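One structure below.
Residue numbers (the working numbering): 17 to 123.
Written out as structure tokens, the structure reads:
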């Protein structure tokens, strides 16, 4: 299985330094940890942007479950079943929009 660095790719595409993204991810971990520490229930759901991360625990047993959002599920399905790379397609559309806007500003 090949592993990819989402943070590294996000950094390249968003122009946000990876170290800053790593800080954001660390804060996210600390926030989740605080919720879990202060929670009286033994199951908690976190919206992590691409879906829900559900954490169950009892005594020493911790279980994780991920439920993707509808948008994330659609993107994954299009990526697997589609004829083109969804990221490349999105970047091409963004570039075309910027060129179009620049052209309109030029006129």
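Even glycine gets a Cβ: it sits at the ideal position worked out from N, Cα and C.
Bear in mind the structure is a predicted one, so any value in this text is a computation, not a measurement.
DSSP beta-bridge partners of residue i
| i | result |
| --- | --- |
| residue 67 | 84 |
| residue 72 | 59 and 79 |
CA nearest to the CA of residue i, picked from the options
| i | options | result |
| --- | --- | --- |
| residue 46 | 104, 62 and 115 | 62 |
| residue 37 | 106, 22 and 76 | 22 |
| residue 64 | 105, 83, 114 and 92 | 83 |
Anticipated Cβ contact below 8 Å, residue i with residue j, distance rounded
| i | j | result |
| --- | --- | --- |
| residue 60 | residue 71 | 5 Å |
| residue 85 | residue 98 | Not really, about 18 Å apart at Cβ, beyond 8 Å. |
| residue 102 | residue 108 | That belief does not hold up - the Cβ atoms of residue 102 and residue 108 are roughly 11 Å apart, past 8 Å. |
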